[in-house]
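Trainee: In the numbering used here, the protein residues as written are 798 to 915. Each residue gets a CB set at the ideal place from its N, CA and C atoms; glycine is no exception. A single structure is presented below for examination.
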Amino acid sequence: VQLQASGGGLVQAGGSLRLSCTISGNIFSPNRMGWYRQAPGNQRDLVATITSGGSTNYADSVKGRFTISRDNAMNTVYLQMNGLKPEDTAVYLCNFKETWRASGMDYWGKGTQVTVSS
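What follows is the structure in structure tokens.
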């Protein structure tokens, strides 16, 4: 399984960005796709996840501003980020989790940089 993320960049506070991550390889359902982020010196934190059934989960810090969605036919997950704040600056990493088996694997993309200027 390979993950390719895109869509990061530099944006002013209050602006918007849309991240995409396309997943290729042997993909079975059920599964979970998601986004995490890591700022320099910080741990990797959950941003949002979405299951193959469409259930979503968000970090409290992004609720109401970010929206995660997925296109199962294209094996792609999106993160629409609105109302961006400087504290959203981080490397955003795409994640794919196998949930169809008890010992499901976690796969990670290389990440895309999001920088929000004040």
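Quick one: what does DSSP say V798 is sitting in, helix, strand or coil?
Mentor: Taking the first residue of the sequence shown as 1, we reach residue 798 at position 1. Correct three-state label for V798: coil.
Trainee: The beta strand (DSSP E) that contains I865, what's its start and end?
Mentor: By 1-based counting over the sequence shown, the position of residue 865 is 68. Looking at the DSSP string, the run of the beta strand (DSSP E) that includes I865 is 863 to 868.
Trainee: So, V844 versus L876, is the Cβ gap smaller than 8 angstroms?
Mentor: In the sequence shown, counting from the first residue as 1, residue 844 sits at position 47. In the sequence shown, counting from the first residue as 1, residue 876 sits at position 79. Contact: yes.
Trainee: Ignore the nearest five residues each way along the sequence and tell me which others in Q801's own chain have a CB closer than 6 angstroms to its CB.
Mentor: For the purposes of this step, residue 801 is taken as the residue at position 4 of the sequence shown. Residues T819 of the same chain have their beta carbon placed closer than 6 angstroms to that of Q801, with the five preceding and five following residues left out of the count.
Trainee: Which same chain residues, not among the five before or five after Q809, have their C-beta less than 6 angstroms away from its C-beta?
Mentor: Within the sequence shown, residue 809 is the residue found at index 12, counting from 1. Only S914 meet the Cβ criterion.
Trainee: Using a Cβ-Cβ cut-off of 6 angstroms (strictly less than) and excluding sequence neighbours within five positions of T896, which residues of its own chain qualify?
Mentor: Counting from 1 along the sequence shown, the entry for residue 896 is found at position 99. Here the set comprises P827, N828, R829.
Trainee: For S914, which three-state DSSP category applies?
Mentor: Residue 914 sits at position 117 when you count from the first residue of the sequence shown. Note: S914 maps to strand in three-state DSSP.
Trainee: Buried or exposed: R898, going by 16 or more other Cβ atoms within 10 Å of its Cβ?
Mentor: Taking the first residue of the sequence shown as 1, we reach residue 898 at position 101. R898 should be labelled exposed.
Trainee: Which partner residues of R815 appear in the DSSP bridge assignment?
Mentor: Residue mapping note: residue 815 aligns to position 18 of the sequence shown, counting from 1. Partner(s): Q877.
Trainee: Which residue or residues does DSSP assign as beta-bridge partners of S852?
Mentor: The residue given as residue 852 occupies position 55 in the sequence shown. For S852, which the question treats as bridged, DSSP gives no partner whatsoever.
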